[in-house]
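Notes for the one structure printed next.
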Amino acid sequence: MSKTVTPWQGKGGAISMFDALSFRGWSASSRWWIGAVLLLLVATPEANAYNPNQPQGFGPERSYQQTPALPDQVDLFTGRLSATVPIGPFALVYNNNVWRYSEVQEGKQIKIKAEPDRLQNAGLGWHLGWGELYNPEHWYNNSIANQWLYVGADGSRHFFYGALHRSEDDGDGTVYYTRDNSYLRLKKIVAGSTWDIEFPDGMTRRFVKGAGGLPYRLVSAWDRFGSASDPDLTFTYSSDDKLRTVTDRHGRHHYVHLAGDDDLVDGNPLSWMVRVVTQVDIEGVDGQRSIYDFNYRNISVNVSCKNTSSQVGPRIRLPHLVGIDLPDGTAYSMEEAGTPSYINTCPAGIDDAPGSLTHMQLPTGGVMRWTYQEYEFPPGNNWGPFNSSAGVATREAYNADTTLLGSWNFVTRKFGSTKTTDPEV
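If you read the sequence shown in the numbering used here, its first letter stands for residue -7, the second for the next number, and so on.
Written out as C-alpha cells, the structure reads:
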C-alpha cells in the first residue's frame, strides 16, 4: 500500500511583536523608544517561544495522518512527527520539534538561540508526565501577557485568558479559560498555592505550588462522580523529585523513578535536562508489579542550524532514548545495528532536523521508518525560526518478517514556488 498525502500550507500565527505592530502614526523618536522597550521584553534568555508552525502535543483544530494500531501520527500542516508509547496507565510521547528558540542580545546584535527543551524528561524529544501548571512569572512560561500556562501530558501548550472570548470582560481573576479549542477552565482555589483545571470530559485536576522554582504540581484528579476529598488519583513527589508516586482509589501504588544532574546516564552526568525517567513500576492485580526500564545513550548532536548565538553549540551532548524494556520481555528499540536512530546533523536545507527520530522497532518485531523534508511557510508575521520546520517526507511500516506493510509520501510545495504540476517532495 502506498499513499501520497498533501499537507495544507497556510499562514502561521504572529510571534514577533516587531512584525505584529507597524506603529503607524507615531513619530520616529516614539517608534525608537517603543522598539527599545519591546526589545527588552522579547530578548530574554529563557523566553522559549511557541508557534503554530512548530506545535507540541495534540491540537483538536489540526488534521493528522495516522493508522490504527501504529504508534505515530503526522501533522498535515507542519509535517511534525509525534509518537505515543503506552507505559501502563501513562503515555510516553515523542515530538520531533525538539528545539526551543529565543532572542538574546550579544553585544549590539540580537541573535537566535536554539536549545533543547530542558523539561523533556525521557531523552531528547520524549516526555512522560501527567501535566504541569506554570504561573505567569515562572521562567519556563514565555507569556508576554501574564498568562498561566498548562503543559499537558502529551506536551501540548495551553494559555489561559480572563474570558473565553476576546470581546468579554476579563472577570475577577478567579477563573480563566483557554481559547485554543481545548476548552479548559482554570479556577483559583487558594490564592498563591492551589488551582484546579476542569476538563471538558468531566475530569478535574488539582495543582499545588511546588517549592524551589518547581511548577505547580498535580496532586489529585477526579471525575464528575468524585471530589477533592474523594479523588480517583493522588500524586506525591519525593523531596529531590527522583520518585513520583501515583495512588489510585483502590490503594494501588505506581512509581516513576528519575535520574537528576548528580546521577550518571549512560556513564555520564546528566546534562541540559532537569530529569530523565529511568524506570516505571506499575502495580497490577493481586499486587503483581510490571517494570518498564528506560535505556539511554549520550550522543553528540548538532544544534539546530537556525542557531546564531555563541551561547550554544555548535554541538552538545544529550541523552537519547534508545530502548524501553517491557515487563513481558519484549522491547521498543530506537537504535539499529547498535546506532541510535536519530538525526544528529543538519541535512541540506533542513535546519532543525537534529533530534528527529528515523526508526523505531515495536515489541511485535515490526518497524516504523521516517525520512524528513523542509516544510516552508509564508513569512507573514512569523519570527525567523518559524518560517520553516523539519517535517515528515516518507513514512513506512514493516511487518516483523521485513515485508512492507504500507508507505506514505507527504508532498509539500515551497512558499513562492511557481510549480503547479511538480511540487517539491
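Every residue gets a Cβ at the ideal spot worked out from N, C-alpha and C, and that includes glycine. The structure displayed is predicted, hence computed values, not measured ones.
- For L349, the pairing in a beta bridge is given by DSSP as Y334.
- The segment 153 to 162 and the segment 120 to 128 do not touch, with fewer than three beta-carbon pairs separated by less than 8 Å.
- Unbroken alpha helix (DSSP H) runs of no fewer than 4 residues, entirely contained in the segment 169 to 249, are not found.
- Linking V266 to K100 through their CA atoms gives a straight-line distance of about 32 Å.
- DSSP places S148 outside any beta strand (DSSP E), giving it a letter other than H or E.
- Sequence-distant Cβ neighbours of T300 in its own chain, meaning closer than 7 Å and more than five residues away, are K103, I104.
- In the structure shown, G259 adopts coil according to DSSP, grouped into three states.
- Shortest Cα-Cα distance from G376 to any of W400, A106, D253 involves A106.
- In the structure shown, G315 adopts extended strand secondary structure according to DSSP, grouped into three states.
- By the C-beta criterion, the segment 89 to 96 is judged not to be in contact with the segment 272 to 289, since fewer than 3 inter-stretch pairs fall below 8 Å.
- Shown here, P377 sits in a helix according to DSSP, grouped into three states.
- In the structure shown, V277 falls within a helical segment according to DSSP collapsed to helix, strand and coil.
- Cα atoms of L256 and L262: separation of roughly 6 Å, rounded to the nearest angstrom.
- Under DSSP, the beta-bridge partners assigned to N290 are P311.
- Of the candidates D164, F369, P355, the residue whose Cα lies closest to the Cα of G321 is P355.
- Using a Cβ-Cβ distance cut-off of 8 Å, the segment 376 to 392 and the segment 55 to 70 are in contact, since at least three pairs of beta carbons, one from each stretch, lie closer than that value.
- Here R309 is exposed: its Cβ has fewer than 16 other Cβ atoms, across all protein chains shown, within 10 Å.
- For L141, the secondary structure class from DSSP, reduced to helix, strand or coil, is strand.
- In the same chain as L396, and ignoring 5 residues on each side of it, the C-beta atoms closer than 7 Å to its own belong to E388, Y390, in chain order.
- Counting only runs of at least 3 residues, the segment 101 to 137 fully encloses the following beta strand (DSSP E) elements, listed from N- to C-terminal order: 101 to 108, 118 to 120, 124 to 126.
- When rounded, the separation of the alpha-carbon atoms in L250 and N173 is 33 Å.
- Cβ-Cβ separation between T170 and F152: approximately 6 Å, consistent with a contact (criterion under 8 Å).
- Cβ-Cβ distances below 6 Å link L210 to W122, G123, R197, F199, F227 in the same chain, with the five nearest sequence neighbours on each side left out; the list follows chain order.
- Its chain contains V90, W91, R92, L116, W264, M265, I308, L310, G347 as the residues whose beta carbon lies nearer than 8 Å to that of P108, once the 5 sequence neighbours on both sides are disregarded; these appear in chain order.
- In the DSSP secondary-structure assignment, G398 is bridged to A389.
- Per DSSP, M360 is one residue of the beta strand (DSSP E) stretching across 359 to 368.
- DSSP, reduced to helix, strand and coil, places D343 outside both helices and strands of the structure shown, so it counts as coil.
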